[in-house]
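Per the numbering used here: the sequence shown = residues 803 to 879.
Below: the structure, in structure tokens.
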Amino acid sequence: MKKIFAAVVTILILTTAVVIAAPPQFDTPYIGNSYRLTLHKRTCPSVWQMWVEHQVPFNTREEAIAQGYHPCGNCRP
Ligand SMILES: [Zn+2]
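Next comes the structure, spelled out in structure tokens:
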């Protein structure tokens with residue numbers, strides 16, 4: 803039982819450490835998260851917590867919404 807508990811704790815620590823901060827990869831006014839299908843302003847702090855691989859550039863919010871993205875509740879693009 804103790805071994806399972808230790809394994810779960812280790813996994814939790816590892817997954818939290820995986821959260822990497824990276825600046826926006828694009829100069830477009832909007833950046834989408836292809837994993838969660840959320841749309842953010844480039845200045846939103848959430849963009850910094852996004853995996854680089856998940857960042858999608860958008861010039862207009864209409865373009866993103868047409869592709870199924872939902873506006874972020876924090877930055878309200
Ligand atoms: Zn946002």
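Cβ coordinates follow ideal geometry from the N, Cα and C atoms, glycine included.
> Under the three-state reduction of DSSP, which class applies to serine 848: helix, strand or coil?
Replying inline: helix
> What do you reckon, is the C-beta of serine 836 under 7 Å from a heavy atom of ligand 1?
Replying inline: no
> Helix, strand or coil: which one does DSSP assign to phenylalanine 860?
Replying inline: The three-state secondary structure of phenylalanine 860, taken from DSSP, is strand.
>> Just checking histidine 856 against ligand 1 - is the residue's beta carbon closer than 7 Å to any of the ligand's heavy atoms?
In response: no
>> Between the alpha carbons of tyrosine 871 and alanine 808, how many angstroms are there, rounded?
In response: 38 Å
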